[in-house]
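Using our numbering, the first residue of the sequence shown is number 3, and each one after it goes up by one. We put the CB at the ideal spot given by N, CA and C, even for glycine. Bear in mind that the values here come from a model prediction, so they are computed numbers and not experimental data. Worksheet: one structure, shown below.
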Amino acid sequence: SLIIKGIADYTDAKLTKKSGSKEYYLVIASQNLSNILCQDGIDLSRLECNNIREFAKIYGIEAARLLAIKETLDVLDYYGLDVDVRHISMAVDAQFWPGKPTPIGRYGLVRAKQSVLARASFEEVKKHIIAAAIAGEIDPVIGVAESVITGQTLPVGTGVVRVFYGFGGKSDKTEEESH
């Protein structure tokens, strides 16, 4: 194990130079950001980290949320993709809604879904459907994913309101007013 100026617990390090720059910088693969922050000679204003969980432990959930947005935009930019930051922000907000960074996937947000069809819409379709059938789960089909799967009107936008027109002199009422 090597030590670079007192920094231990890293798996890889390389000296890199950004194109067009005269400065070199050190890229360190480490899971211990707090150890790096304690070192003398580290310019904290130029320190970058892409470990969102470690960043959340040290700087808090909001700072980690901003880092997740930045990292996502950086990846999309690298591949030449242009996605409105509001879409990225919405996905990241869903990831951070539980109060900690949560992956989007079968072991993260999907596992927390109450709806059988919502769980099945992401990964492991057969597993979720069979487990729900064995447990006798009933899906009320009230979410967006469930509505798309079953071909129902989505419960958003114009799909939220239903207007009924009564023949025979009755006034028009929305479903909410009639209850």
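{"Item": "Start-to-end residues for the alpha helix (DSSP H) that takes in I54", "Value": "I54 to Y61"}
{"Item": "Check whether L35 and Y26 have beta carbons under 8 Å apart", "Value": "no"}
{"Item": "Beta strand (DSSP E) segment containing K19, residue limits", "Value": "Y12 to K19"}
{"Item": "Closer than 8 Å to chain B by CB, E64", "Value": "Going by chain labels, chain B is absent from the structure shown, which holds only one protein chain."}
{"Item": "D141 and L156 closer than 8 Å at C-beta", "Value": "no"}
{"Item": "Element boundaries [alpha helix (DSSP H), containing S149]", "Value": "V146 to T152"}
{"Item": "Backbone CA spacing between A31 and S21 [nearest angstrom]", "Value": "21 Å"}
{"Item": "Expected contact under 8 Å - CB spacing of A58 and K102 to nearest Å", "Value": "7 Å"}
{"Item": "Exposure of G43, with buried meaning 16 or more beta-carbon neighbours within 10 Å", "Value": "exposed"}
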